[in-house]
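Some notes on the structure that comes next.
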Amino acid sequence: MTSWVHHYDEHIAATPARVVAHGDPTQEGPGIVLVYLKYAPAAVYLQLNANGKWAATLTERTDELTGTSLDLIGLGEEVTAAGRLCAYLQERTDALV
Numbered sequence: 003m004t005s006w007v008h009h010y011d012e013h014i015a016a017t018p019a020r021v022v023a024h025g026d027p028t029q030e031g032p033g034i035v036l037v038y039l040k041y042a043p044a045a046v047y048l049q050l051n052a053n054g055k056w057a058a059t060l061t062e063r064t065d066e067l068t069g070t071s072l073d074l075i076g077l078g079e080e081v082t083a084a085g086r087l088c089a090y091l092q093e094r095t096d097a098l099v
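Okay, so the sequence shown: first residue is 3 according to the working numbering, each after it adds one.
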């Protein structure tokens, strides 16, 4: 999976991602892919669920986020990039099955 994310970052990504191993050794699976957002104090993490599907989670925020129109466009592009990475990982995973 690390090579998949690296390939995606090199050729496709607008926002770099990094692969993090599970902190719990009892967890199975390839780990978690983190996408840190520049336009919001949050991150998106991607992980393979029990059904073999990649799922995205936006980390919780406790405060309101105010920004300019360009900030909102940038945030939208970052979330779109995370969604595309999630779809890319799903395609690669499905090709293995």
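Ideal Cβ positions, reconstructed from N, Cα and C, are used throughout, including at glycine.
Look at residue i and residue j and say whether their C-beta atoms are less than 7 Å apart.
i: Ala44; j: Thr61; result: yes
i: Tyr10; j: Leu98; result: no
i: Ala23; j: Gly33; result: yes
Just the Cα atoms here: how many angstroms apart are residue i and residue j?
i: Ser5; j: Val35; result: 12 Å
i: Thr68; j: Thr82; result: 19 Å
i: Arg63; j: Leu77; result: 14 Å
i: Leu39; j: Thr95; result: 25 Å
i: Gln49; j: Asp65; result: 25 Å
i: Leu7; j: Ala89; result: Checking the sequence shown, residue 7 turns out to be Val, not Leu. For Val7 and Ala89, the distance between alpha carbons rounds to 12 Å.
i: Val21; j: Leu74; result: 26 Å
Below 6 Å CB to CB, which residues in the same chain sit around residue i once its five sequence neighbours on both sides are set aside?
i: Val46; result: Val37, Ala58, Leu60, Ala84
Any beta-carbon of chain C closer than 7 Å to the one on residue i?
i: Leu91; result: Among the protein chains of the structure shown there is no chain C, as only one such chain exists.
Going by alpha carbons, who is nearest to residue i out of the options?
i: Leu72; options: Leu87, Leu98, Tyr41, Ala23; result: Tyr41
i: Leu91; options: Trp56, Leu39, Asp65; result: Trp56
Mind checking who residue i pairs with in its DSSP beta bridge?
i: Trp56; result: Leu50
i: Arg20; result: Leu36
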